[in-house]
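Trainee: Provided herewith is a single structure, encoded as structure tokens, for subsequent inquiry.
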Amino acid sequence: DMIDLFPVILVCNKVESYFDDEGDAHLIFEFGYKSKKWKFECNKTNQKAIKDAGIKSPKEVYMKKITFEKIKVRNPSTRQMVDSLSIVKVE
1 DMIDLFPVIL VCNKVESYFD DEGDAHLIFE FGYKSKKWKF ECNKTNQKAI KDAGIKSPKE
61 VYMKKITFEK IKVRNPSTRQ MVDSLSIVKV E
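Numbering (the UniProt record's numbering), first residue to last: 1 to 91.
Here's what the structure looks like:
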């Protein structure tokens, strides 16, 4: 809800990662936007977009420009269509 104009290009100023109980990797990027900090946890589709951009390590995303587009996806819990963010470019 914080971002109202798409596509939007944000610079990643912090990267976090962790493994869940099943051993799956999770990436969390932090951005500054409109004088506020904003955290974004990548889903599997966005993690694939990061890999497809040639990023081999989460640390490589630091200070990269990431372009986001707003898309509709189906929430697996509620089965309703909801807004989501899709990474369309990393540079």
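In this text, a Cβ means the ideal position worked out from N, Cα and C, and glycines have one as well.
Just so you know, these numbers come straight off a predicted model, no measurement behind them.
Check the C-beta distance from residue 8 over to residue 29 and give it rounded, since I have them as a contact under 8 Å.
Mentor: 13 Å between Cβ atoms; not a contact.
Trainee: For residue 110, count neighbouring Cβ atoms within 10 angstroms of its own Cβ and tell me buried if that reaches 16, exposed if not.
Mentor: Given a span of 1 to 91 for the chain in the structure shown, any question on residue 110 remains unanswerable.
Trainee: DSSP three-state label for residue 78, please.
Mentor: Coil.
Trainee: How is the beta strand (DSSP E) around residue 9 delimited, first residue to last?
Mentor: Element bounds for residue 9: 8-19.
Trainee: Exposed or buried, residue 61, counting other C-beta atoms within 10 Å across all chains shown (16 or more means buried)?
Mentor: Buried.
Trainee: Between residue 63 and the rest of its own chain, which residues show a CB-CB distance below 8 Å, the 5 nearest in sequence each way excluded?
Mentor: Here the set comprises 11, 12 and 13.
Trainee: Please classify residue 50 as buried or exposed, where buried requires at least 16 other C-beta atoms within 10 Å of its C-beta.
Mentor: Answer is buried; the Cβ neighbour count reaches 16.
Trainee: Can you have a look at residue 58 and say buried or exposed, based on whether 16 or more other CB atoms are within 10 angstroms of its CB?
Mentor: Under this definition residue 58 is a buried residue.
Trainee: Please name the residue, chosen from 40, 88, 43 and 3, that lies closest to residue 34 on a Cα-to-Cα basis.
Mentor: That would be 3, whose Cα lies nearest to the Cα of residue 34.
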